[in-house]
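Number of protein chains: 2
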Amino acid sequence: MFSIGALSDRTGVKIATIRYYEDMGLLPPPERTAGNQRRYSQSGLDRLAFIKHARDLGFAIDAIKALITLHDHPDRSCAQANAIAQTQLADVQSKIARLRRLETELSRIATNCYGAGRAGDCYVLTSLADHDLCQTKH
Amino acid sequence: MFSIGALSDRTGVKIATIRYYEDMGLLPPPERTAGNQRRYSQSGLDRLAFIKHARDLGFAIDAIKALITLHDHPDRSCAQANAIAQTQLADVQSKIARLRRLETELSRIATNCYGAGRAGDCYVLTSLADHDLCQTKH
DNA sequence: CTTGAACCTCTAGTCACTAGAGACCCTACA
DNA sequence: TGTAGGGTCTCTAGTGACTAGAGGTTCAAG
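Residue numbers (the numbering used here), protein chains in the order written: chain A, 1 to 138; chain B, 139 to 276.
Right under this line is the structure:
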């Protein structure tokens, strides 16, 4: 049995976050000592590792809830898990696409300003004031 | 003079967001009609366009505040504006790098699951449960 | 003068945590 | 067995950048 601190050390998830996951229904309420402290079994540790891994990959809490439900019911179809992963992948890809456009624009803006002149002549500030100077949409 | 709705239409910034920017000190409080409604001048419109452009590029409210201050003081050095833009660029680049790692992992996970089998055999779910199946760090 | 769209303020909710207060528990050591 | 001090408890409130809604007021066209 692990205390909440031991679980935190083993998974890298902060104590407050573990309690938060319990409140959100991601982690089942663990056993308690006579003095009301949480005590986790191996399955609690496994589930927290699952959650952490999914969070690291950017899955939202609700998506993780659905994935956990499927994980707990191995006889169901995995179509939903597949759909959730595809959605997440598409989401990540569209974020990348957007950030790349921003990167293009920001690097153009930043390299045209050497930081040595007056603010009145600053390319960073003029670019922000005049959208027409931009070369991409964002 | 523009009403808040006209300003919203012209910039694409929602009315509630315009008021929020005013509360945050990004937009100066505009004139008011006898009946207490906001009326903006051209300079209010220009400033909101500046803010919107900066937000679209991902600058945080505090960074935009600093940029506006510089914009209002054209005789100051533009070193700070340059630094803010460089920081924002670096931030965007590190987000891209992280998302690309996630994309690699997610597409590996998603393409190994066809959504047709049992949840118990689902590659999405097994991968989440076992970090060792991953090929990159995240 | 009326009507209805636009506007006002204020509160509370979103997401995924994070920080802190004030109190209680657990365990190792003397 | 007593105690010190680190771990844990619950609860509240804050983060960033908005967004939604309630309940009331104002504006402008007809």
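We put the beta carbon where it would ideally sit given N, CA and C, even for glycine.
- For A/LEU70, the closest of B/LEU240, B/GLY173 and B/ALA267 by C-alpha to C-alpha distance is B/ALA267.
- Taking the C-beta atoms as reference points, A/GLY12 is found nearer than 9 Å to A/LYS52.
- For A/PHE50, the enclosing alpha helix (DSSP H) starts and ends at 42 to 56.
- Inter-residue distance for A/TYR40 and A/LEU27 is about 10 Å (C-alpha atoms, whole angstroms).
- Under the Cβ criterion of 9 Å, A/GLN93 is counted among the residues facing chain B.
- A/ALA63 and B/LEU183 have their alpha carbons spaced roughly 41 Å apart.
- When only Cα atoms are considered, A/LEU106 and B/SER146 end up about 25 Å apart.
- For A/CYS134, same chain residues with a beta-carbon under 6 Å away, outside a window of 5 residues either side, are GLU105 in chain order.
- Of all residues in the segment 165 to 177 of chain B, none is placed with a Cβ closer than 9 Å to any Cβ belonging to chain A.
- Nearest to A/PRO74 by C-alpha distance, out of B/TYR261, B/TYR159 and B/ARG148, is B/TYR261.
- In the displayed model, B/SER232 falls within a helix according to three-state DSSP.
- A Cβ of chain A is located within less than 9 Å of the beta carbon of B/VAL262.
- Between A/ILE96 and B/LEU227, the C-beta spacing is not below 9 Å.
- The Cβ neighbour count for B/ASN220, taken over all protein chains shown within 10 Å, is at least 16; the residue is labelled buried.
- With a contact defined as Cβ atoms closer than 8 Å, B/CYS216 and A/LEU57 miss out at about 40 Å.
- DSSP, reduced to helix, strand and coil, places A/SER77 within a strand of the structure shown.
- Taking 8 Å as the cut-off between beta carbons, the residues of the segment 184 to 211 of chain B near chain A are ASP184, ALA187, PHE188, HIS191, ALA192, ASP194, LEU195, GLY196, LEU205, LEU208, HIS209 and HIS211, in sequence order.
- Membership of B/ARG148 in the alpha helix (DSSP H) is indicated by the continuous run 142 to 149.
- Annotation: B/GLY163 has no Cβ neighbours in chain A at a cutoff of 8 Å; minimum Cβ distance is about 17 Å.
- For B/ILE234, the neighbours in chain A by C-beta distance under 8 Å run, in chain order, ILE96, LEU99, ARG100 and GLU103.
- Take the alpha-carbon of B/ARG239 and the one of A/ILE61: they are about 20 Å apart.
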